[in-house]
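Protein chains in written order, with full-length UniProt numbering: chain A, 1 to 500; chain B, 1 to 565. For every residue, glycine included, the Cβ atom is placed at its ideal position computed from N, Cα and C.
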Amino acid sequence: MSLLREAERCIANQYAHGFNAFITPLSRAGPWLDRVKEADGRKEEGKPKSAVDGRLISIKDNICTRDLPTTCASGILDKFTSPFNATVVDQLEAAGAIVAGKTNLDEFGMGSNSTNSHFGPVKNPRQDSSGEDLSAGGSSGGSAASVAADQCHASLGTDTGGSVRLPAAYTGTVGFKPSYGLISRWGVVAYANSLDTVGIMGKTTASVRDIFDILNQHDHRDPTSLSISSRSRIQASLQTPQLRSRLTSAPLRIGVPIEYNVSELTPSVRRAWALSLAHLKKQGHTVHSVYLPDTKHALSTYYVLGPAEASSNLAKYDGVRYGTRAEGPDGDGKPDGYLFSNTRGQGFGQEVKRRIVLGTFTLSADAIDNYFIQAQRVRRLVQQDFDAVFTAKHPLAAQGADKIAKENDVDVIICPTAPSSPPRLSDLMSISTKKSPLDAYVTDVFTVPASLAGLPAISVPVTVSGQQDAELAGIQVIGQYGDDQLVMKVGEMLEGRNLD
Amino acid sequence: MDRQRAPFSSAPNRYLQPPTSADRVPLRKQLKQEAKALRSHKKQRKETEEASRQEWELTVGVEIHAQLNTEAKLFSRAPTSTSDTPNSNVALFDLAFPGSQPEFQIATLLPALRAAIALNCEIQPVSRFDRKHYFYQDQPAGYQITQYYEPFARDGYVDLFDYDGIAPEDGERVRIDIKQLQLEQDTAKSQEYPPSTQLLDFNRVSHPLIEIITMPQIHTPATAAACVRKLQAIVQSCGAVTTGMEMGGLRADVNVSVRRRGQAAGQHQYDGITGLGQRTEIKNLSSFKAVEDAIIAEKNRQIGVLESGGVIEGETRGWTIGSTETRRLRGKEGSVDYRYMPDPDIPPLIIGEDLLSSLRESLPTAPDTLLTLLVGSEFNLPIEDAKPLIELDDGARLEYYHDVVDILRSLQVDQDDKTRASLARVASNWVLHELGGLLAKADQTWDAETVPSRSLAHLIDHLQRKLITGPTAKQVLATIFDGDRRPVPQLLEEENLLLRPLSREEYLALAESVIALNPQMVEQIRSKNQLGKLGWFVGQMMRTGEKGRVEAPKAEEILRELILG
Chain A
1 MSLLREAERC IANQYAHGFN AFITPLSRAG PWLDRVKEAD GRKEEGKPKS AVDGRLISIK
61 DNICTRDLPT TCASGILDKF TSPFNATVVD QLEAAGAIVA GKTNLDEFGM GSNSTNSHFG
121 PVKNPRQDSS GEDLSAGGSS GGSAASVAAD QCHASLGTDT GGSVRLPAAY TGTVGFKPSY
181 GLISRWGVVA YANSLDTVGI MGKTTASVRD IFDILNQHDH RDPTSLSISS RSRIQASLQT
241 PQLRSRLTSA PLRIGVPIEY NVSELTPSVR RAWALSLAHL KKQGHTVHSV YLPDTKHALS
301 TYYVLGPAEA SSNLAKYDGV RYGTRAEGPD GDGKPDGYLF SNTRGQGFGQ EVKRRIVLGT
361 FTLSADAIDN YFIQAQRVRR LVQQDFDAVF TAKHPLAAQG ADKIAKENDV DVIICPTAPS
421 SPPRLSDLMS ISTKKSPLDA YVTDVFTVPA SLAGLPAISV PVTVSGQQDA ELAGIQVIGQ
481 YGDDQLVMKV GEMLEGRNLD
Chain B
1 MDRQRAPFSS APNRYLQPPT SADRVPLRKQ LKQEAKALRS HKKQRKETEE ASRQEWELTV
61 GVEIHAQLNT EAKLFSRAPT STSDTPNSNV ALFDLAFPGS QPEFQIATLL PALRAAIALN
121 CEIQPVSRFD RKHYFYQDQP AGYQITQYYE PFARDGYVDL FDYDGIAPED GERVRIDIKQ
181 LQLEQDTAKS QEYPPSTQLL DFNRVSHPLI EIITMPQIHT PATAAACVRK LQAIVQSCGA
241 VTTGMEMGGL RADVNVSVRR RGQAAGQHQY DGITGLGQRT EIKNLSSFKA VEDAIIAEKN
301 RQIGVLESGG VIEGETRGWT IGSTETRRLR GKEGSVDYRY MPDPDIPPLI IGEDLLSSLR
361 ESLPTAPDTL LTLLVGSEFN LPIEDAKPLI ELDDGARLEY YHDVVDILRS LQVDQDDKTR
421 ASLARVASNW VLHELGGLLA KADQTWDAET VPSRSLAHLI DHLQRKLITG PTAKQVLATI
481 FDGDRRPVPQ LLEEENLLLR PLSREEYLAL AESVIALNPQ MVEQIRSKNQ LGKLGWFVGQ
541 MMRTGEKGRV EAPKAEEILR ELILG
């Protein structure tokens with residue numbers, strides 16, 4: 001199939017079955033058509049620019065694009081267009097890819113179901129057995145839905161505490177969060193800088209890897225982008241004989257964190273987990289219990305640090321220099337009043353306001369020691385937990401602190417992505433069945449630890465035969481910092497498997 | 001608008017009614033009365049100040065914000081020039097655009113480190129940036145990036161001497177410890193046009209600042225002002241800062257507390273200094289006088305409150321130039337919780353010893369060292385000349401002075417030691433007063449090329465050798481100042497200005513002619529011994545004689561001879 005046919009089919013899907021995946025879809029006609037035709041020409045000559053030359057890649061609407069608006073699904077930016085492209089957008093366009101529109105999300109990335117959007121909730125292209133609409137997961141729910149519904153070839157999302165992995169698990173797609181610092185965040189609207197990463201979503205791990213290889217570059221504009229010398233250190237550390245032999249001559253040692261067998265885990269997800277491990281065992285790999293004692297504090301740590309950084313990052317939205325201002329005079333009419341109390345009051349949604357207030361509290365003089373500072377300490381412990389179980393030592397850890405190999409060291413950790421299958425949208429939206437925000441927070445319990453530690457993690461779909469029909473679940477693979485390629489390889493071994 | 005229109009409507013009345021005679025006080029008398037009133041007021045104020053000082057101890061700490069001398073902003077490559085068209089020097093990050101990130105400008109460190117070294121600080125090998133949150137339209141990100149938890153320099157000091165203008169009770173020298181120096185961003189400039197217009201210029205946003213925080217160790221208002229003045233002089237002389245308070249490049253906050261002497265120690269402690277009274281902070285003082293006046297006013301207010309049984313509130317206060325009282329800006333309950341948070345995007349600053357040692361070597365001499373040098377045996381200048389030489393024109397005047405002295409000394413190698421020793425003092429007089437006077441008169445700023453140092457040195461050399469007269473030297477200086485670029489010897493030659501000494505006969509003839517015209521004055525000198533009037537005759541001789549040839553001492557000698565015999 002020609003790239004043009006493929007692109008036209010994606011566009012047709014965008015307009016025919018929306019699922020509210022896009023805030024700004026790609027226009028049917030435009031200069032992009034010529035770019036696809038040119039790519040077709042290169043393809044025929046056998047000289048494509050890259051694996052994504054001429055392909056449509058949708059972009060989460062908190063990643064800046066010069067040609068399309070960047071709303072972050074917020075009322076305060078509902079008409080905002082950024083004057084510049086994010087580095088990742090420039091990289092993809094340079095590789096020949098076409099921006100396939102801007103996808104819907106939870107406002108500023110805050111949510112787990114993509115329902116907290118100024119532009120309405122995203123629908124999961126899958127429905128449950130009784131035909132009910134399901135959550136697409138969040139916050140990159142629009143990206144996940146656009147991939148699942150064939151509205152694009154692949155998508156860029158962002159992952160702060162699981163925001164590409166959870167939607168991937170809910171929609172049956174692949175969602176990859178690379179090690180922190182590998183992909184540039186320049187032009188990615190910050191929610192919680194120390195946790196934010198660009199994530200990649202696709203139908204297959206192979207398509208995700210193609211895009212990762214394009215984006216995995218140092219960017220001097222992002223001060224948290226890993227330097228070229230640190231990247232060489234990582235590569236060098238992966239070249240030791242022991243690490244190089246993994247998956248080639250030596251079987252993998254797979255870790256199962258026993259703390260992750262939580263009561264919230266539904267039977268079908270638990271079954272998918274067990275069958276995935278059994279499948280890998282059959283391939284000759286070994287499975288080992290590992291202890292991550294501090295991960296039980298990871299969720300609360302995340303919900304202290306994330307909102308704290310968010311309350312700071314979102315202080316800039318005042319409608320003074322850009323963005324949407326509230327109608328009428330602001331500042332309570334007083335000359336020395338703030339110019340933007342109404343603007344912020346009206347522009348932000350409920351969940352964003354909740355997290356701003358939470359973060360403002362945890363940073364306040366009386367609370368900071370007990371909350372923010374304490375959470376930073378726990379974050380360090382979570383990272384140490386992971387370092388203690390991986391065979392590979394953290395490649396950027398202080399030199400000389402050589403890791404003593406232990407018997408139970410593992411190459412990767414495998415666990416579910418989410419504790420349950422996607423909730424019904426109607427349950428999330430209606431007042432009578434609406435649950436406390438904490439219920440939504442719990443769905444992040446398996447994804448947040450890797451975010452706190454900055455580790456690479458992928459969610460891949462597996463199917464298990466259920467009581468009535470086949471059930472889909474997301475299985476997560478977590479690796480040591482910098483071990484991104486191994487994580488994707490292991491994901492590929494499970495991806496799309498029908499297990500029973 | 002109203003303010004502009006008012007004079008026109010009231011003007012006619014004022015001019016049509018002449019002042020009534022009852023109001024009329026001779027101007028001279030009026031001035032005398034006013035001066036007397038002012039003197040007695042000052043004396044009274046001095047006495048009350050002294051009385052309150054005897055009873056109450058004042059404690060002051062100072063915080064100074066100074067714009068660093070850098071080309072680029074703290075976290076973007078946008079230029080720091082604030083005089084350009086409003087909102088023309090801004091990068092995406094300066095305006096807090098979504099998705100933009102900070103890019104620390106390493107060059108900023110150089111002036112900051114120079115200031116820290118000049119203030120005897122311990123430079124921290126690792127320091128970090130924090131976000132200080134508060135909402136205001138002049139702060140685009142909703143936070144200021146500063147160094148709250150881990151500043152780049154700590155534990156310095158500044159020595160204040162009597163010649164720095166410290167209070168007499170502080171003696172010859174006080175040392176004020178400096179708690180820390182931190183790097184931070186400046187805010188935007190905002191202009192209010194009530195009721196509903198605010199104009200914002202973001203050119204100043206993120207201009208790199210250093211904040212200098214002293215320990216609360218100052219006990220008199222004069223010393224506090226001297227401290228701010230001295231800190232400004234030091235950061236300017238090391239090249240860290242170019243615009244001072246007068247240009248708005250430097251602003252001071254002071255914290256003030258009082259406690260009754262000889263009573264139980266106060267409850268409060270600040271920066272590890274215990275036993276202090278509750279303090280208040282006065283923000284945004286923009287002149288040295290404002291620092292002194294605001295502290296006096298705030299001290300007196302606090303004493304007044306305490307003496308009438310009240311309690312001092314920990315609050316932030318403001319000061320308007322020319323007022324007599326500080327005013328409350330916000331109280332404790334309204335105080336801002338800045339929610340300091342480490343900035344997650346900015347890596348720590350790591351400063352190596354190699355950088356520090358090269359900066360230490362290239363740092364210009366400290367003002368105090370310069371002063372010691374100038375008043376010492378090599379230059380022998382009075383302190384009141386040495387200080388302006390050091391302080392004027394960011395050190396350019398001193399550099400020029402050194403050039404003049406060097407050239408002059410080489411021109412006068414043939415002279416005896418005593419003459420050569422006096423050259424430094426003569427040169428300082430010309431550089432400061434003669435040249436300074438011309439600059440002031442022409443309302444021009446300093447430029448070393450207006451009168452090249454070589455020209456001035458040659459001029460002084462000629463004068464010292466008595467080849468020209470003093471008035472001629474001054475006149476030639478003005479000619480050069482106005483742009484005459486001929487070498488001084490040539491100029492003197494061509495303009496026929498070299499002194500051709502008059503003979504004794506010529507002096508006698510000149511003297512006799514002026515004496516003949518004023519016989520009664522001669523009589524007064526003779527009978528009443530009014531020798532002062534001799535000077536008048538000297539002037540007459542110089543005026544009537546050939547220009548530039550009459551030498552005053554010789555003229556007086558002849559006059560004495562003729563009149564007094």
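- Here DSSP, grouped into helix, strand and coil, assigns K47(A) to coil.
- CA-to-CA, the gap between Y338(A) and Q139(B) works out to about 12 Å.
- The shortest C-alpha to C-alpha distance from L183(B) to any of R504(B), N203(B), I64(B) is the one to I64(B).
- Check the Cα spacing between N85(A) and each of L68(A), S74(A), G284(A), G454(A): the tightest is with L68(A).
- The residue among R379(A), F361(A), Q242(A) with its C-alpha nearest the C-alpha of V448(A) is R379(A).
- A424(B) counts as buried, since no fewer than 16 other beta carbons sit within 10 angstroms of its beta carbon.
- By the neighbour-count criterion, in which a residue is buried when 16 or more other Cβ atoms sit within 10 angstroms of its Cβ, Q185(B) is buried.
- Pairing I458(A) with M488(A) gives a Cβ-Cβ distance under 9 Å.
- V389(A) sits away from Y302(A), with the two beta carbons spaced by 9 Å or more.
- Chain-ordered listing is empty here: chain B has no CB closer than 7 Å to the CB of D159(A), the nearest sitting near 16 Å.
- Between the region 147 to 159 of chain A and the region 301 to 321 of chain B, the count of Cβ pairs shorter than 8 Å is below three; the stretches do not touch.
- When 8 Å is used as the limit between beta carbons, L92(B) is near these residues of chain A: P83, F84, in chain order.
- Contact annotation: L508(B) and L463(B) have beta-carbon atoms that are not nearer than 9 Å.
- Between the alpha carbons of A169(A) and A149(A) lies a distance of about 14 Å.
- Between L492(B) and L477(B), the C-beta spacing is not below 9 Å.
- Within the region 185 to 212 of chain A, contact with chain B at the beta-carbon level (separation under 8 Å) is assigned to R185, W186, G187, V188, V189, A190, A192, N193, S194.
- For G479(A), the uninterrupted beta strand (DSSP E) run begins and ends at 470 to 479, by DSSP.
- Taken in chain order, the complete beta strand (DSSP E) segments of 3 or more residues contained in the region 114 to 192 of chain B are 130 to 133, 143 to 146, 153 to 161, 173 to 185.
- Partner residues in the beta bridge of L349(B), as assigned by DSSP, are S127(B).
- Assignment of D253(B) by DSSP, reduced to helix, strand and coil, places it in the strand class.
- Just measuring C-alpha positions, the residue of V451(B), V404(B), Q415(B) sitting nearest S428(B) is V404(B).
- Between V122(A) and N116(A), the alpha-carbon positions lie close to 9 Å from each other.
- Residues of chain A whose Cβ lies closer than 7 Å to the Cβ of S196(B) are, in chain order, P329.
- Below 8 Å, too few C-beta pairs join the region 290 to 298 of chain B and the region 335 to 343 of chain B to call them touching: fewer than three.
- Excluding five sequence positions before and after T82(B), the CB atoms of its chain that fall closer than 6 Å to its own CB belong to N203, R204, given in chain order.
- Membership of K60(A) in the beta strand (DSSP E) is indicated by the continuous run 56 to 60.
- For G99(B), a Cβ of chain A is located within less than 9 Å of the residue's own Cβ.
- In this structure the region 360 to 368 of chain A does not lie against the region 233 to 247 of chain B, because fewer than three pairs of beta carbons, one per stretch, are closer than 8 Å.
- Looking only at D84(B), E103(B), L92(B), the smallest Cα-Cα distance to H220(A) is reached by E103(B).
- For a cut-off of 8 Å, the C-beta gap from G482(A) to L77(A) is around 34 Å, too long to register as a contact.
- Look at F135(B): its C-beta is under 9 Å from a C-beta on chain A.
- At a beta-carbon threshold of 8 Å, the residues of chain B lying near V320(A) are Q137, P140, L200, ordered along the chain.
- Within chain A, no residue has its beta carbon less than 7 Å from that of M247(B); the closest one is some 26 Å off.
- One thing to note: A116(B) has its Cβ within 9 Å of the Cβ of L181(B).
- Here the alpha carbons of F75(B) and Q490(B) stand approximately 55 Å from one another.
- As a beta-bridge residue in DSSP terms, N498(A) pairs with T463(A).
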